[in-house]
Amino acid sequence: MNYMTEERQMIKDVAHQFSINEVLPVANKLDPEKEDIPDELRQKLADMGYFGITIPEQYGGLGLGCFEYCLITEELSRSWMSVASLIARGNGMIGAKSMTEAQKEAFLPKVAKGELLAAASLSEPNAGSDVANISCRAVRDGDDWLITGNKYWCTFADGADYILVLTRTDPEVNPKAKHKGLTFFKVDKPRGELPKGVQGSPIPKIGYFGWKTWELYFDNVRVSNNDMIGDEGKAFYAMGDFLVPARAHTAARAIGLAQGALEDALAYVKERAQFGRPIGEFQVTRFKLAKMATEIEAARQLNYSVCTKIDEGGRCDKEAGMSKYFASEMAERVTSEALQIFGGAGFTQLYAIERYWRDAKLTKIFEGTSEIQLRIISDHLLGKSKFD
Ligand SMILES: Cc1cc2nc3c(=O)[nH]c(=O)nc-3n(C[C@H](O)[C@H](O)[C@H](O)COP(=O)(O)OP(=O)(O)OC[C@H]3O[C@@H](n4cnc5c(N)ncnc54)[C@H](O)[C@@H]3O)c2cc1C
3 MNYMTEERQM IKDVAHQFSI NEVLPVANKL DPEKEDIPDE LRQKLADMGY
53 FGITIPEQYG GLGLGCFEYC LITEELSRSW MSVASLIARG NGMIGAKSMT
103 EAQKEAFLPK VAKGELLAAA SLSEPNAGSD VANISCRAVR DGDDWLITGN
153 KYWCTFADGA DYILVLTRTD PEVNPKAKHK GLTFFKVDKP RGELPKGVQG
203 SPIPKIGYFG WKTWELYFDN VRVSNNDMIG DEGKAFYAMG DFLVPARAHT
253 AARAIGLAQG ALEDALAYVK ERAQFGRPIG EFQVTRFKLA KMATEIEAAR
303 QLNYSVCTKI DEGGRCDKEA GMSKYFASEM AERVTSEALQ IFGGAGFTQL
353 YAIERYWRDA KLTKIFEGTS EIQLRIISDH LLGKSKFD
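Using our numbering, you'd call the opening residue of the sequence shown number 3 and step up by one each time.
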C-alpha cells in the first residue's frame, strides 16, 4: 500500500530540510557537551507548528493525524532524538482526549504555539514497568489537592511549563487492582525551574542529552481541582489512549535515528579507504548496508500501517506494541552495525554515530520496555496469563 500522498511527501520533505539545516548542527555541537536544547531551536519548532501537529485547527493546531506526526518525528529524530521527543511535549502529551472543553480552550492554543510544554511524571523508584504501583499521593484539601511523594525519571521537569503528575487519590489500594484510584494533575511551574514545593536532582544518564531527566520529591504541592486532567481515579484508563500514539511516536523516533545512522554510514564508506579501496567496495560492507536499509524500511512500513489504523480510530494497542518493539530492536541492531562500519571512528564523539547508538538503546526501554510490548502482544495472542 502506498501511504504517501503528495501532501505527506511535502510535509516529510520540509521536515527533512528543517532537520538537516536547523537540528543536526545543533545536535552535533550540544549533545557531546550534554547541553540543553536551546530556546532558539524550541522557538523554531514552534514556528513550524510542530507542537500542534495533532491538535485540531479549532484550537490553533495543524489538525493533522498521527501519520503526519510520525513522519515529522522520524525526520527530526534522524538528527537528534531529543528534539523529536520535544515535540511530543506539545502534541497529545497533556492527554487532550481526557480534558474538559474549558481546559481544551484554555490550554490547547498555547500548547500548539509551544507556549505551554509538558513534562510527564509517571514513573517512581518502585513503579517503572509496573506503573500502577505508584505511591505518590494527592490528598483533598478543600477545593485543592496536596501532592506528596517521590517521582523518578521525569524528563524536562525544569524546562517544561507544567508537569503532568500521576498520583494516587484513593487511599484504599486493592493489591489485585492497583490501577484503580489513580489521577492526573497538571502542576504549573515557571519555565527553567522546578515547581514550588518540589525538590530534585538530575539523574546521570548515558544519553538522551539535550535536556535533563530528574528525580523529584513533591512536598505538599498545592494544585486546584481544576488542574485535574481526566476523571478522578481513572487515570490508568486514560493512559491507554495516550500510550498508543506515544508508542507509534517512539517507533518513529527509532526509525529516524536508524535512518540517520544508515545515511552517515553510506557517506563514510565512500570516503574511508583501506587495502587500497573505499570500504564500501567490500561486499561484506555493502551487504551490511543492504540489510540495514531493509530492516529500516520494514519498520517504517509497519509504523505507517499502525498510524493509519490510529487515524481511522481503530483499537490497536497490539499493533502499536508490535511497531514499537520491532522498530526499537531494529534501531539497536542497525545503529550498532553502523558504528561497526565506522571502526574506531565510531567509538568517538567526533561522529554522530555514537549518539544514534546510545539513543537507540533507550527506545527499547521507555514508553514500555521491549519485554512489556511482548507481554501486550502475547496477551492478545493467548489471553492474559492466569498467573498474572
Ligand atoms: C532516559 C529516560 C527518560 C525517561 N523519561 C521518563 C519521563 O519523562 N517520565 C516518566 O514517567 N518516565 C520516564 N522514564 C521511565 C521509563 O518509562 C521506565 O524506565 C520504563 O518504564 C521501565 O521502567 P524501569 O526503568 O523501572 O524498569 P523495570 O520496570 O524495573 O524493568 C527492569 C527489567 O525488567 C523487565 N520487566 C519488568 N516487568 C516485566 C514483566 N512483567 N515481564 C517481563 N519483563 C519485565 C523490563 O523489561 C526490564 O528489562 C524514563 C526512563 C529513561 C531511562
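Glycine residues also receive a C-beta, built at the ideal position from the N, C-alpha and C atoms.
- Not one heavy atom of ligand 1 lies closer than 7 Å to the C-beta of Ser-203.
- For Gly-262, the enclosing alpha helix (DSSP H) has its first and last residue at 237-273.
- With a 10 Å radius around the Cβ and a threshold of 16 neighbouring Cβ atoms, Gln-351 comes out exposed.
- Of the other Cβ atoms in all chains shown, 16 or more fall within 10 Å of the Cβ of Leu-78; this residue is therefore buried.
- Selection Lys-180, Leu-66, Ala-120 evaluated against Val-133 yields Lys-180 as nearest (Cα-Cα).
- Taken through DSSP and simplified to helix, strand or coil, Cys-156 comes out as strand.
- Within the same chain, Cβ atoms closer than 8 Å to the Cβ of Ser-330 are found at Thr-252, Ala-253, Ala-256, Ala-362, Thr-365, Lys-366, Ser-372, the five residues on either side in sequence being excluded.
- For Pro-173, no alpha helix (DSSP H) encloses it, and the DSSP letter there is neither H nor E.
- A distance criterion of 7 Å places the beta-carbon of Ser-125 in contact range of ligand 1, judged by its closest non-hydrogen atom.
- For the options Ile-39, Phe-244, Tyr-358, Thr-75, the alpha carbon positioned closest to that of Ile-208 is the one of Tyr-358.
- Cβ contact annotation for Asp-146 (same chain, cutoff 8 Å, sequence separation greater than five): Arg-224, Val-225, Ser-226, Asn-227, in chain order.
- Spanning the alpha carbons of Pro-206 and Leu-73 requires a straight line of approximately 31 Å.
- Relative to ligand 1, even the nearest heavy atom lies 7 Å or more away from the CB of Arg-91.
- In this structure, the alpha-carbon of Thr-337 lies about 8 Å from that of Leu-264.
- Going by DSSP, Val-85 is part of no beta strand (DSSP E) but of the alpha helix (DSSP H) stretching over 83-88.
- In terms of side-chain proximity, the C-beta atom of Arg-377 is found nearer than 7 Å to a non-hydrogen atom of ligand 1.
- Annotation: Val-223 is outside any alpha helix (DSSP H); the continuous beta strand (DSSP E) that includes it extends over 215-226.
- Taking C-alpha positions only, Lys-46 is separated from Tyr-5 by approximately 28 Å.
- For Gly-130, the shortest separation between its Cβ and any heavy atom of ligand 1 lies below 7 Å.
- Apart from sequence neighbours up to five positions away, the residues of its chain that approach Ser-84 with a beta-carbon distance below 7 Å are Ile-39, Tyr-210, Phe-211, Gly-212, Trp-213, ordered along the chain.
- For Thr-169 and Tyr-154, the gap between their C-alpha atoms comes out near 13 Å.
- The DSSP-derived three-state label of Glu-126 is strand.
- By the Cβ criterion, the stretch 157-169 is in contact with the stretch 112-130, since at least three pairs of Cβ atoms, one from each stretch, lie closer than 8 Å.
- Distances from the alpha-carbon of Ile-298 to those of Met-101, Tyr-219, Leu-184, Glu-76 put Glu-76 closest.
- DSSP places Ile-136 in the coil class of the three-state scheme, outside both helix and strand.
- Asp-319 sits in a helix when the DSSP states are folded into three classes.
- Within the DSSP secondary-structure output, Tyr-164 pairs in a beta bridge with Ala-120, Asp-190.
- According to DSSP, Val-286 shares a beta bridge with no other residue.
- If you compare the alpha carbons of Glu-24, Gln-201, Asn-23 with that of Trp-216, the shortest gap goes to Gln-201.
- Not a single heavy atom of ligand 1 lies less than 7 Å from the C-beta of Ile-39.
- Val-141 is bridged by DSSP to Leu-148.
- Excluding five sequence positions before and after Leu-43, the CB atoms of its chain that fall closer than 8 Å to its own CB belong to Glu-24, Val-25, Val-28, Val-85, given in chain order.
- In this structure, Val-189 sits away from Val-175, with a CB-CB distance that is not shorter than 8 Å.
- Considering only Ser-137, Leu-218, Gly-199, the residue with the shortest C-alpha distance to Thr-185 is Ser-137.
- Taking a cut-off of 8 Å on C-beta distances, the stretch 310-327 does not touch the stretch 47-61, as fewer than three cross pairs fall below it.
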